[in-house]
Amino acid sequence: MTFLIQQTLLYAVPLMIVALAGVFAERSGIINLALEGIMIFGAFVGVLFVRLMQGTGLFSGSRNWLAMQALELLAMLVAAALGALFSLLLSFASVNLRADQTIGGTALNLMAPALVLFLIRIIANQNTLGMSEGDAASWFMIKKSTFGIDSSTNLGFLGETFLHKIYLATYVCIILFVVLSILLYKTRFGLRLRSCGENPQAADSLGINVYKMRYAGTTISGALAGMGGFVYALTTANCASTGDVAGFGFLALAVMIFGNWKPLNIAGAAALFGLFKCIAASYASIDINGDGVFMLKELGISGHLYRMLPYVITLVVLAFTSKKSRAPKAEGIPYDKGQR
Amino acid sequence: MKKFLAMLLALAMVFSLAACSGNGGKKTGGADDIADTMTSEDGKYQVAFITDVGQLKDKSFNQGTFDGVKLYAANNGKSYKYYQPSGGDQATDDDRYDAMKFAVEGGAEVVVCAGFMQGAALERAAKEFPDTKFIFIDGWSLGLDNVVGIAFNEHECGYFAGYAAVKEGYTKLGFSGGGGGTNDACQRYGYGYVQGANAAAAEMGVTVDINFSWEYGASFSASPELQSMISGWYEQGTEVVFACGGSMFQSITAAASANDGKVIGVDVDQSSQSDTVITSAMKGLSDAAQWAIAKAYDGTWNEIGNSAVSLGAKDGATGLPTDTWSLKNYAAKDYEKQFKDVVDGKLVIDSDFTKLNQDWSNVNLNII
Numbered sequence: 001m002t003f004l005i006q007q008t009l010l011y012a013v014p015l016m017i018v019a020l021a022g023v024f025a026e027r028s029g030i031i032n033l034a035l036e037g038i039m040i041f042g043a044f045v046g047v048l049f050v051r052l053m054q055g056t057g058l059f060s061g062s063r064n065w066l067a068m069q070a071l072e073l074l075a076m077l078v079a080a081a082l083g084a085l086f087s088l089l090l091s092f093a094s095v096n097l098r099a100d101q102t103i104g105g106t107a108l109n110l111m112a113p114a115l116v117l118f119l120i121r122i123i124a125n126q127n128t129l130g131m132s133e134g135d136a137a138s139w140f141m142i143k144k145s146t147f148g149i150d151s152s153t154n155l156g157f158l159g160e161t162f163l164h165k166i167y168l169a170t171y172v173c174i175i176l177f178v179v180l181s182i183l184l185y186k187t188r189f190g191l192r193l194r195s196c197g198e199n200p201q202a203a204d205s206l207g208i209n210v211y212k213m214r215y216a217g218t219t220i221s222g223a224l225a226g227m228g229g230f231v232y233a234l235t236t237a238n239c240a241s242t243g244d245v246a247g248f249g250f251l252a253l254a255v256m257i258f259g260n261w262k263p264l265n266i267a268g269a270a271a272l273f274g275l276f277k278c279i280a281a282s283y284a285s286i287d288i289n290g291d292g293v294f295m296l297k298e299l300g301i302s303g304h305l306y307r308m309l310p311y312v313i314t315l316v317v318l319a320f321t322s323k324k325s326r327a328p329k330a331e332g333i334p335y336d337k338g339q340r
Numbered sequence: 001m002k003k004f005l006a007m008l009l010a011l012a013m014v015f016s017l018a019a020c021s022g023n024g025g026k027k028t029g030g031a032d033d034i035a036d037t038m039t040s041e042d043g044k045y046q047v048a049f050i051t052d053v054g055q056l057k058d059k060s061f062n063q064g065t066f067d068g069v070k071l072y073a074a075n076n077g078k079s080y081k082y083y084q085p086s087g088g089d090q091a092t093d094d095d096r097y098d099a100m101k102f103a104v105e106g107g108a109e110v111v112v113c114a115g116f117m118q119g120a121a122l123e124r125a126a127k128e129f130p131d132t133k134f135i136f137i138d139g140w141s142l143g144l145d146n147v148v149g150i151a152f153n154e155h156e157c158g159y160f161a162g163y164a165a166v167k168e169g170y171t172k173l174g175f176s177g178g179g180g181g182t183n184d185a186c187q188r189y190g191y192g193y194v195q196g197a198n199a200a201a202a203e204m205g206v207t208v209d210i211n212f213s214w215e216y217g218a219s220f221s222a223s224p225e226l227q228s229m230i231s232g233w234y235e236q237g238t239e240v241v242f243a244c245g246g247s248m249f250q251s252i253t254a255a256a257s258a259n260d261g262k263v264i265g266v267d268v269d270q271s272s273q274s275d276t277v278i279t280s281a282m283k284g285l286s287d288a289a290q291w292a293i294a295k296a297y298d299g300t301w302n303e304i305g306n307s308a309v310s311l312g313a314k315d316g317a318t319g320l321p322t323d324t325w326s327l328k329n330y331a332a333k334d335y336e337k338q339f340k341d342v343v344d345g346k347l348v349i350d351s352d353f354t355k356l357n358q359d360w361s362n363v364n365l366n367i368i
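Heads up: the sequence lines are chains Y and S, in that order. Sequential numbering of the first sequence, starting at 1, is according to my numbering. Sequential numbering of the second sequence, starting at 1, is according to my numbering.
What follows is the structure in structure tokens.
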């Protein structure tokens, strides 16, 4: 069970935070199809940052875990900053130039992997950029031994699940998710942002600068997606960037639509996808009730079926929920002041 | 506002370009001191290397072979270049053929092709360019005078590794292989590994569990799914996993260090890549490549052209690394004794991997 929860969190958290990134953009009226591209870019920037910091030799001596965690947080910040910067391309095209947002987003999605692969080839002479020494788990993972607790000590179910073999990044993302959801629904800024996605003309008539709000929404979106990309690379891909995030950006879009543009539903949807992703990869070693029987394997169903599950579930769930889904009214429509 | 944005974007571009100017990665000793890319004066590159799927710097198969190319070229004043077939992990025979054609048009006299998947493309290229010599690593004879196939007895080093792991005291083993179960070399590794574990377990009177899987390794690359699966194994008690395939190693060591597990490396000594590596099943890729390239230049090519060479323990081409020996309960000298038995023919290890799924006396083989 512990294993199942931990692995599910690893997959669900990047999905959740990137889906929230989508919400911020769409609630302000901009369709951010570029989530995938920004994730790829963010993952690259974060990994590059970690690599460069390793190269300085500051961390080579004593492996101080506080310094490691600080490095992890810094890398997340850098990925977020560059992700925000990258998303400005989309904001500029869709707010200032009033271009078609779908096409703008697609352009970024096409550009990001190409650009990232190009840079990786220059830096590392191959298609993968990894850490220059060690691996993500030995550098950044928090374990019992990190706090000097003997690895045979049992911390109880909660301790074993949430304090052992975890990444700080996971919790930072969860906290950010909660804080930003409150920002979107309980503050003046959030209300203004959402109004720009529903009826920008009315918002403008009340003195809200629609352009500014849309810039804000997309920039927050870019920052979250960039950070989510790095968190994905760090926690599931051994801190390596390959110009690819396995379609998580698009999956996040699906999660957002399934979650009906509402944070709580999104968290649930992300957990569902994460769970099936985890089952697909490790069905043979999941022991649900802890009795040493691997039920999913004992059932004798072909492994291919388990591996199809995440995609089948996406299809089924979207087919049943898309009828009820309600997108922000003004999303995708460039705002034109003269048009009332 | 527009100007400001334009400035900002320009800055972003400058920053991202500046960021990549630093050439990361420290280089120490041997082949790593030789640059991967060189510029020849006449624009011709005499020794060419065509990579298999996976990365050039996979710290395993491709890199090990390319090290041989670099060493030969550097020691003999030849120019060299590597070619990565386009299409990455989905490279087709056409992509590989194109890479070979580029290599020959780029002045290649000897082309080293790594990986059994190059067979079809290699046959086409070798027929078209009969004056160029082709070395087919992990390959077989194509019936052409300008091609030599070099294969290794991977079942031998797989056996040594499996035997050593069980002798060390591990009873829950894993094997994660690349190529999706279609790569002969990886299959031999796996079959030898199980045989070695079974032999050691029989001697010690214990029973060993082995998780044996080809999942998520079809393209030999690292993936989150592979990392999850291997994490699951370690979580359920597996102590050591044989990471049999290039970049897959990254996912497996990541899972190992998260769960305090151990890893057995493949193709080259991978102990410097991760603290989790207890030993590596090695094959002499670098030496074999150098040996065959030398044959192409010193006029003795016809000894090996149009044939298949099989290299094993007796040629010093398979084994475990004794320089970086870290096992405690199984001594290097015991391994050397066993190694000698194989060289002398006292211990014969079966290479017919189709017999993998048999009733082992002391192994519970769990094929996933």
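C-beta: ideal position from N, C-alpha, C; glycine also.
CB of residue i within 7 Å of CB of residue j, strictly
i        : j        : result
S/VAL112 : S/PHE49  : yes
Y/ALA203 : Y/CYS196 : yes
S/GLY64  : S/VAL268 : yes
Y/THR8   : Y/LEU275 : yes
S/GLU286 : Y/SER138 : Looking at the sequence itself, residue 286 of chain S is Ser, so the reference to Glu does not match. No, the pair does not count as a contact, with Cβ atoms beyond the cut-off.
Y/GLU198 : Y/PRO310 : no
S/ALA74  : S/ILE34  : yes
Y/MET76  : Y/MET227 : yes
S/GLY177 : S/TRP214 : yes
S/VAL166 : S/ALA201 : yes
Y/ALA225 : Y/ILE38  : yes
Y/GLY42  : Y/PHE230 : yes
S/VAL47  : S/LYS78  : yes
S/VAL342 : S/GLU156 : yes
S/VAL194 : S/THR171 : no
Straight-line gap, residue i to residue j (C-alpha atoms, nearest Å)
i        : j        : result
S/VAL147 : S/ILE230 : 39 Å
Y/ALA136 : Y/LEU234 : 6 Å
S/PHE175 : S/TRP233 : 10 Å
S/CYS20  : S/ASN364 : Note on S/CYS20: pLDDT 40, under 50, position unreliable in the model; the coordinate value appears next. So the two alpha carbons sit approximately 50 Å from each other.
Y/ARG51  : Y/TYR232 : 16 Å
S/ASP352 : S/TYR191 : 8 Å
Y/PHE320 : Y/ILE257 : 12 Å
S/LYS314 : S/TYR80  : 30 Å
S/GLY376 : S/ALA31  : Residue 376 of chain S is absent from the structure shown; chain S starts at 1 and stops at 368.
S/THR253 : S/VAL263 : 7 Å
Y/LEU108 : Y/GLY46  : 18 Å
Y/ALA81  : S/SER60  : 36 Å
Y/LEU296 : S/GLN236 : 14 Å
S/PHE339 : Y/PHE248 : 48 Å
S/SER271 : Y/GLN54  : 20 Å
S/ILE368 : S/THR354 : 16 Å
Y/ILE31  : Y/LEU58  : 42 Å
Y/LEU66  : S/SER219 : 37 Å
S/TYR45  : S/TYR83  : 11 Å
S/ARG188 : Y/GLY29  : 58 Å
Same chain, Cβ closer than 7 Å to residue i, five either side skipped, listed in chain order
i        : result
S/SER251 : ALA222, SER223, LEU226, GLN227 and ILE230
Y/ALA270 : ALA12, LEU15, MET16, ALA19 and VAL255
Y/LEU48  : LEU129
Y/TYR215 : SER91 and VAL95
S/MET117 : ASP52 and VAL53
6 Å CB neighbourhood of residue i in its chain, flanking five on each side removed
i        : result
Y/PHE24  : GLY217, ILE220 and SER221
Y/PRO263 : SER181
Y/TRP261 : VAL23
Y/ARG194 : ARG27
S/THR322 : ALA332
Contact belief for residue i with residue j at Cβ below 8 Å, rounded distance in angstroms
i        : j        : result
S/THR279 : S/GLY261 : With 8 Å as the limit, S/THR279 and S/GLY261 do not qualify as a contact, their Cβ atoms being about 14 Å apart.
S/ASN357 : S/ASP209 : S/ASN357 to S/ASP209, Cβ: 15 Å. No contact.
S/ALA164 : S/PHE242 : The Cβ separation is near 11 Å, so there is no contact.
Y/ARG307 : Y/ALA280 : 5 Å
Y/LEU253 : Y/LEU35  : 6 Å
Residues of its chain near residue i, where Cβ-Cβ distance is below 8 Å and the 5 sequence neighbours each way are ignored
i        : result
Y/LEU168 : GLN69, GLU72, LEU73, PHE140 and ILE142
S/ALA296 : GLU109, VAL110, LYS133 and ILE135
Y/CYS173 : VAL13, PRO14, MET16, ILE17, MET227, GLY228 and VAL231
Inset, instruction - May I ask you to verify whether the region 72 to 86 of chain Y touches the region 313 to 331 of chain Y, counting CB pairs closer than 8 Å and requiring at least 3? - result: In short, these stretches do not touch, since the Cβ pair count stays below three.
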